[in-house]
Amino acid sequence: MRKKIPAVVFLIVLLCLLSGCSGGKKDTVQTVKIGVTLYDQYDTFISEMMGWFTASATALEEETGTAINLEIVDAAGSQTTQNEQVKSLIEKGCDVICVNLVDRTEPTTITDMAEKNDVPIIFFNRELVTEDLERWKKLYYVGADAIGSGIIQGELAAETFLGDEKYDKNGDGICQYVVLEGEAGHQDAIVRTEYSVNTLVENGVKVEKLGYAIANWKRAQAQTKMAALLEQYGNSIELILTNNDDMALGAIDALKAAGTSKNDWPLIVGIDGTDVGLTAVKNGEMAGTAYNDKEGQAEAMLKLAFVLSGKDAKNGLSMDDIPLEKEKYVRLPYYRVTLDNVEEYIKKS
Ligand code: GAL
C-alpha cells in the first residue's frame, strides 16, 4: 500500500524548489575565503599592514560583488602554532593562505600541506630562500626590496651627517655609530644593516662602528639596549642606525630617559614610516625614514589572493594586474621620507 506524503513535507519541498536551494544552501554570492597567519600581531608594521589589507578587502568586495571572507590568526612567535593554524585554515576550506612565516627557514611543513591539498600560499614580509619558494609552483612571495631600504637609510644618514657639523661631536671627521638590529637571521635585518653602512661610506662618510645590539624590531627592547649603549659610549655616539622605526623610537625613549638634551642627540634614522615613525620625522626627532609601502604590499597580496582563488568571475582581475617577477615575487620599492615630504605620507597612511 502506498504511503501518503505528509502535507508539511510536501510544502517544504515545494518552497525549496521555488527558491532554487540545493542541500539547504543558497549559493548566489561567490565567496573567496582567505586565511592569514601572522608571526606576531603586535608588531607595529605588520598590524598597520593588516589594517590596510582588511580595508582593501572591503573595497574589493564592493567593487567585484564577491564576498571576501578573511580569517586572520596570530602565531605569537611559534612556528609550531603557525603550522597548526595553516592545517586548520586548509580544513576550513580557505581558497588561499597568506603566511607571515615565524621562522623563515622552516616553511616545509606548510608547503607540503598546501601542495597536498592544492591550496596556494602567499608568503609575505619575512622572505624565505629561493629554493624553498621554488618547491611548488603555487608558492608566492609579497614584500619589499630590502636593499632599497638600506640604501635610502644610508643616503639620508650621509646627507644629514655631512650637512650639519654638529653631528660630528668630537670634530674628528669620522662618524662614530651604533646599530640597532631586528631579529637575527631576518632577511631585512641583515640586508638593511649591510647596505645602510656601505651607502654611508660610498657617500663619503668615514665611519667607525662603536657597537650594535639586537632588539627584535621592538621599541621596548631597543630602549633597554640603547640605554646600555649610552652607558658604555655616552656622548661619543654620533649616529644611530636602526633597522626599523620602532627601534629608533626606543632609542629616542632611552635618550629622553637619560636626560640628554635634544640638541645633543645623535643623528637618528629609521625604516618603515609607521604612524609613530612619521610623527617622529615631523617633529624633528628622526632625520628621516625609508617608507615601507604597507598599502602597496597589502593591496598586491589581496589582489594576488583573489586571482589565485579562481573565483573572480565578474571583475576580470587577472595575473596581468599583479606586478609579478619570475612568476612568484612581488617586491615593492621603499620611498625616502624627510621633513620635506612627511606630510604626504602622513595623509596616505
Ligand atoms: C620588516 C619591518 C619591521 C618588522 C619586520 C617583521 O619589514 O620593517 O618593522 O615589521 O618586517 O618581519
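The sequence shown maps to residues -11 to 337 in our numbering.
Glycine included, C-beta positions come from ideal geometry on N, C-alpha and C.
Under the DSSP definition of a beta bridge, Cys86 partners with Val24 and Ile110. Boundaries for Val117: no alpha helix (DSSP H) harbours it, and the DSSP string shows neither H nor E there. For Ile178, no beta strand (DSSP E) encloses it; the enclosing alpha helix (DSSP H) starts and ends at Gln175 to Glu190.
The closest heavy atom of the ligand GAL lies 7 Å or more from the beta carbon of Gly138. The beta carbon of Tyr27 sits closer than 7 Å to at least one heavy atom of the ligand GAL. Of the candidates Thr96, Gly247, Tyr128 and Tyr27, Tyr128 places its Cα closest to the Cα of Val295. Counting only the Cα atoms, Arg207 lies some 26 Å from Glu147. If you draw a straight line from the Cα of Ile202 to the Cα of Glu169, it is about 5 Å long.
In this structure, Asp263 has its beta carbon at no less than 7 Å from each heavy atom of the ligand GAL.
Between Ala236 and Gly265, the gap from beta carbon to beta carbon is short of 8 Å.
Judged by the Cβ position, Asn204 fails to qualify as a neighbour of the ligand GAL at the 7 Å threshold, every heavy atom of the ligand being at least this far. Secondary structure of Leu77 (DSSP, three-state): helix.
Note that the C-beta distance between Met37 and Gln285 is below 8 Å. The C-beta distance from Ala63 to Val90 rounds to 5 Å, short enough to fall under 8 Å. When C-beta atoms of the stretch 325 to 332 are compared with those of the stretch 270 to 281, three or more pairs fall below 8 Å, so the two segments count as touching. Gly131 counts as buried, since at least 16 other C-beta atoms from the protein chains shown sit within 10 angstroms of its C-beta. Comparing alpha carbon positions, the residue from Thr212, Asp156, Ile256 and Asn251 closest to Asn231 is Ile256. The stretch 230 to 275 is shown to contain whole beta strand (DSSP E) runs of 3 or more residues at 255 to 260, in chain order. Straight-line measurement puts the Cα of Thr248 at about 15 Å from the Cα of Gly272. With three or more CB-CB distances shorter than 8 Å, the stretch 102 to 110 counts as touching the stretch 68 to 83. Taken from the Cβ of Asn280, at least one heavy atom of the ligand GAL lies inside 7 Å. Within the same chain, and ignoring the five residues on either side of Gln73 in sequence, the residues whose Cβ sits closer than 7 Å to its Cβ are Thr25, Val61 and Ala63. The ligand GAL has a heavy atom closer than 7 Å to the beta-carbon of Arg114.
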